[in-house]
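First residue of the sequence shown? That's 0 in numbering that gives the first Met the number 0, and the numbers climb one at a time after it. All residues carry an ideal CB built from backbone N, CA and C; glycine is no exception. To start, the structure under review is shown below, and the notes come after it.
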Amino acid sequence: MRRIGILGGVSAESTLTYYRTITREYIRRFGHTGYPEI
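In structure tokens, the structure reads:
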């Protein structure tokens, strides 16, 4: 699996939103309950 780099958002809260969205989509697509390598 390929890795991506993320700079983040303007605030800690927006960065958290990015990571939550990516993690939810990863679980939905691959069925894993772990965390994707980012």
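Cβ shell of residue i (< 8 Å), same chain only, five flanking positions each side left out
i, result
"Ala-11", "none"
"His-31", "Tyr-25"
Close-in-space but distant-in-sequence residues of the same chain around residue i (CB under 7 Å, 5 per side omitted)
i, result
"Pro-35", "Ile-21, Thr-22, Tyr-25"
Through-space distance from residue j to residue i, alpha-carbon basis
i, j, result
"Arg-19", "Ser-13", "10 Å"
"Gly-33", "Arg-27", "11 Å"
Start and end residues, alpha helix (DSSP H) containing residue i
i, result
"Ile-21", "11 to 29"
Contacting residues, own chain, Cβ-Cβ under 6 Å from residue i (five flanking each side not counted)
i, result
"Phe-29", "none"
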